[in-house]
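> Got a structure here, written out as structure tokens. Questions coming.
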Amino acid sequence: MIYVAFTIVCWPIFGFILSLLLSKYNEELISKVAFGFILIHLLTALVLGVVWLLCGHQPINVREFSIYKAYKYDFYIDFYIDHIGLIFWVLGALLSAIVIKYSRYYLHREEGYKRFFNTLLFFYAGFTIIILSGNLETLLIGWEILGISSFLLIAFYRNRYLPVKNAVKVFSIYRVGDVGLILVMWLSHHIWQENISFDKLYSSALVHAHFEELSSLGLVVAIMIYITAAAKSAQFPFSSWLPRAMEGPTPSSAIFYGSLSVHIGAFLLLRTFQFWENQVVFRVFLVLAGLLSAAIGTLTSRVQSSIKSQVAYASLGQIGLIFAEIALGLHWLSLIHIAGNAFLRTYQLLISPSIVSYKIKEQLYEFDLTAQPKVKLPAKWMNTLYILSLKEWNLDSNMYHYVWNPIKSIGSKWVVFNFKYVFYIASLTMLGGIVMLFFKSSLAPNVIHQLPLVFAAFGCMMVLKAFSERDSVRKSWTLIMLNHISIAIAISFNEHFNIQHNLWYLSGILVCWVFGLWILNRLRQTEWVSLSRFFGHAYEHPRYAFLFLLMCLGVAGFPITPTFIGEDLIFSHIHADQVLLAIIVAFSLIINGLAAIRIYARVFLGPHIKNYHGVAKRSF
12 MIYVAFTIVC
22 WPIFGFILSL
32 LLSKYNEELI
42 SKVAFGFILI
52 HLLTALVLGV
62 VWLLCGHQPI
72 NVREFSIYKA
82 YKYDFYIDFY
92 IDHIGLIFWV
102 LGALLSAIVI
112 KYSRYYLHRE
122 EGYKRFFNTL
132 LFFYAGFTII
142 ILSGNLETLL
152 IGWEILGISS
162 FLLIAFYRNR
172 YLPVKNAVKV
182 FSIYRVGDVG
192 LILVMWLSHH
202 IWQENISFDK
212 LYSSALVHAH
222 FEELSSLGLV
232 VAIMIYITAA
242 AKSAQFPFSS
252 WLPRAMEGPT
262 PSSAIFYGSL
272 SVHIGAFLLL
282 RTFQFWENQV
292 VFRVFLVLAG
302 LLSAAIGTLT
312 SRVQSSIKSQ
322 VAYASLGQIG
332 LIFAEIALGL
342 HWLSLIHIAG
352 NAFLRTYQLL
362 ISPSIVSYKI
372 KEQLYEFDLT
382 AQPKVKLPAK
392 WMNTLYILSL
402 KEWNLDSNMY
412 HYVWNPIKSI
422 GSKWVVFNFK
432 YVFYIASLTM
442 LGGIVMLFFK
452 SSLAPNVIHQ
462 LPLVFAAFGC
472 MMVLKAFSER
482 DSVRKSWTLI
492 MLNHISIAIA
502 ISFNEHFNIQ
512 HNLWYLSGIL
522 VCWVFGLWIL
532 NRLRQTEWVS
542 LSRFFGHAYE
552 HPRYAFLFLL
562 MCLGVAGFPI
572 TPTFIGEDLI
582 FSHIHADQVL
592 LAIIVAFSLI
602 INGLAAIRIY
612 ARVFLGPHIK
622 NYHGVAKRSF
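Sequential numbering of the sequence shown, starting at 12, is according to our numbering.
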């Protein structure tokens with residue numbers, strides 16, 4: 012069973028690796044490989060589903076192996092199959108197969124044909140890991156893969172301004188959701204003193220027994236889960252990113268934001284229902300938030316001039332109702348609703364190019380200016396709703412005003428000198444931290460207790476500066492590394508900490524930072540690089556772009572890198588009473604990933620700075 016489960020989960024990964032080896036000029040073979048791997052995965056899901064039903068349809072938990080073990084810590088891969096996972100599996104495989112078949116002809120002779128299918132298989136691999144995950148750690152692996160593949164698909168037309176800008180915006184919202192998931196993992200470590208599996212959480216009595224005396228902690232966990240789910244499913248207050256994700260090709264819009272990716276938040280709520288089923292306050296809040304999202308999505312969809320935006324907001328509204336259904340305990344109804352909405356939105360998005368010509372004809376020959384709205388409200392109310400819907404209920408502007416602008420403002424006020432001085436600061440920080448750790452026994456207990464917060468806050472300020480930097484690329488890149496070092500030093504002052512954990516955590520970061528700096532220095536010898544605009548250097552330097560993207564993933568803690576496990580190790584050493592430290596570290600790591608991807612997008616994506624290439628600066 013172990014080998015079967017591992018093969019099932021890794022099958023899309025095998026397809027992704029094989030697709031990387033194919034020639035970009037052989038379109039037929041690329042599409043056939045992608046379609047064949049997903050078709051086999053679909054048939055496997057159907058056969059396994061039938062066998063599972065005949066054998067009593069009891070949940071199956073398969074613990075694969077431990078990646079890393081340490082003091083009271085075990086990072087292990089766990090898979091879990093039940094009716095929720097199987098429904099999402101069949102749904103995802105079937106819709107992915109349809110979209111791949113459609114894309115074979117839709118993207119014919121399109122530059123980046125191979126890159127599209129590579130990314131689509133990469134996305135499907137992340138989706139499979141999520142729906143078949145047996146614990147939060149395994150789920151986070153798929154969660155991160157889903158996030159980066161979404162970024163790459165939205166920015167598929169990487170020589171245009173809007174697709175790249177919106178890709179960074181969507182990735183930013185995804186990272187906000189990651190804060191919630193990371194904190195849920197940290198809290199669960201302290202609640203159960205282990206990496207709890209979903210199989211154990213299947214017993215609601217066990218969860219209720221742990222939260223009975225810690226009802227406030229249970230509410231905090233529930234809120235963190237909602238933030239994560241809402242960010243991924245574009246629910247209030249994160250609704251504004253969904254129509255902006257439609258800048259990618261129509262097939263990617265259909266599979267990502269019409270059917271699969273946008274429903275992952277609902278899947279998380281279903282999978283973690285036992286966490287919050289006894290939190291009455293949270294369930295009421297979830298119903299109200301879902302209904303509010305449904306109202307905003309429905310009203311906003313009515314005033315959209317773009318078909319894809321209209322479908323996006325309509326889907327957003329339906330997912331709001333799905334959230335409310337889950338909160339009410341109507342799980343089977345929500346699953347039926349998810350399947351119906353996924354198929355409908357996929358169909359609508361795939362036929363959207365054909366609808367354009369029809370709508371033009373309708374507007375020219377059948378438009379009735381005297382038609383009255385079906386719902387009659389006072390004129391003042393109707394105008395208010397109309398203006399708010401046109402402005403998308405100010406959700407996007409509020410996100411900038413209350414979240415991103417304050418973060419950038421704090422970072423811009425933090426004075427840091429040029430690249431050379433930043434390098435000196437990094438060296439002195441490491442040296443000072445090592446010296447204090449060496450003489451830790453001679454320091455006062457109250458000083459030792461405060462040092463983790465001091466170093467963590469210092470690292471947070473460094474990464475905020477990296478995120479807001481508008482000039483030097485190398486300085487921003489070095490500040491990211493400095494943040495990681497500060498976090499490692501901060502956690503080192505906690506007891507029971509093993510220096511090997513720091514070495515594991517920093518090994519990948521230091522290697523990626525060195526190679527990334529080498530790439531930037533090589534690029535600076537022939538090109539102008541800065542963070543003041545999008546430079547589009549991937550056009551003439553695709554190899555540098557690919558390698559630097561890998562380095563960005565390394566410093567951002569992407570799965571398969573030592574940093575990913577290292578970050579989880581770091582949180583296992585943050586004590587239950589160090590809530591502020593956990594929040595600062597989680598926030599720093601999230602901004603860290605944003606700053607790294609921002610560097611990649613600014614340097615390598617967007618319209619090329621050399622105007623003789625003649626690429627468009629705007630999308631229409």
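All residues carry an ideal CB built from backbone N, CA and C; glycine is no exception.
Are LYS125 and LYS35 touching if we call contact CB-CB under 8 Å?
yes
> Assign SER630 to one of three DSSP states: helix, strand, or coil.
Low local confidence applies: a pLDDT of 45 at SER630 is under 50, so the model's placement there is unreliable, with the coordinate-based value given in what follows. Three-state result, SER630: coil.
> For TRP197, count neighbouring Cβ atoms within 10 angstroms of its own Cβ and tell me buried if that reaches 16, exposed if not.
buried
> Could you check whether LEU531 and VAL522 sit closer than 8 Å to each other, using their CB atoms as the reference points?
no
> Do you know whose CA, among ASN170, PHE134, LEU151 and VAL614, lies nearest GLY188's CA?
LEU151
> Can you give me the Cβ contacts of ASP482 inside the same chain, cut-off strictly under 8 Å, excluding the 5 residues immediately before and after it?
SER541, LEU542 and SER543
> Check whether the Cβ atoms of VAL101 and LEU57 lie closer than 8 Å to each other.
yes
> Along the alpha helix (DSSP H) that carries ARG186, what are the first and last residues, could you check?
172-203
> Which residues in the same chain as ILE193 place their Cβ atom closer than 6 Å to its Cβ, once the five residues preceding and following it in sequence are excluded?
ALA597
> Can you tell me whether LEU493 is buried or exposed, with buried defined as 16 or more other CB within 10 angstroms of its CB?
buried
> What does a CB cutoff of less than 7 Å around ALA136 pick up in its chain, not counting 5 residues either side in sequence?
PRO23, ILE24, PHE27 and ILE156
> Taking the alpha helix (DSSP H) that CYS563 falls in, what are its first and last residues?
553-566 is the extent of the alpha helix (DSSP H) around CYS563.
> Would the stretch 559-572 and the stretch 603-616 be scored as touching if the rule is three or more Cβ pairs under 8 Å?
Touching, yes.
> When burial is assigned at 16 or more other CB atoms within 10 Å of the CB, is ARG629 buried or exposed?
Because ARG629 sits at a pLDDT of 46, beneath the cut-off of 50, its placement in the model cannot be relied upon, and the point is left open.
> For ASN513 versus HIS586, is the C-beta spacing smaller than 8 Å?
no
> The ligand MG and GLU258: does any heavy atom of the ligand fall closer than 7 Å to the residue's C-beta?
No copy of the ligand MG appears in this structure; indeed no ligand is present at all.
> With distance defined between alpha-carbon atoms, name the residue in GLU148, VAL232, SER264 and HIS460 nearest to PRO174.
SER264
> Let me know if ARG485 comes out buried or exposed under the rule of 16 or more other beta-carbons within 10 Å of its beta-carbon.
buried
> Using only the alpha-carbon positions, how far apart do GLY153 and SER304 sit?
26 Å
> Buried or exposed, going by whether 16 or more other CB atoms sit within 10 Å of the CB of ARG313?
exposed
> Can you look up ALA612 in the DSSP assignment and give me helix, strand or coil?
helix
> Looking only at its own chain, which residues have a Cβ that is under 7 Å from the Cβ of HIS342, when we skip the five neighbours before and after it?
Within the same chain, HIS342 has close Cβ partners LEU281.
> Just list the alpha helix (DSSP H) runs in the stretch 112-165, keeping only unbroken ones of 4 residues or longer that don't cross its boundaries, in chain order.
124-142 and 147-165
> State the DSSP-derived secondary structure class of VAL314, mapped to helix, strand or coil.
coil
> Does the stretch 574-583 come close enough to the stretch 161-175 to have 3 or more Cβ pairs within less than 8 Å?
no
> Taking all protein chains shown into account, do 16 or more other C-beta atoms lie within 10 angstroms of the C-beta of HIS68, making it buried, or fewer, making it exposed?
exposed
> At which residues does the alpha helix (DSSP H) containing ALA477 begin and terminate?
456-479
> Please report how far the alpha carbon of ALA277 lies from the alpha carbon of SER244, in whole angstroms.
7 Å
> For ASP89, write down the residues that DSSP places opposite it in a beta bridge.
ARG74.
> Just reading off the alpha helix (DSSP H) that ALA61 is part of, what are its end residues?
Residue 61 is actually Val in this sequence, not Ala. Start and end: 38-65.
> Count the other CB atoms, across all protein chains shown, that sit within 10 Å of the CB of ASN409; report buried if there are 16 or more and exposed otherwise.
exposed
> Report back the beta-carbon spacing between LEU346 and ILE95 to the nearest angstrom; my notes put them in contact at under 8 Å.
So it is a contact: roughly 7 Å between Cβ atoms.
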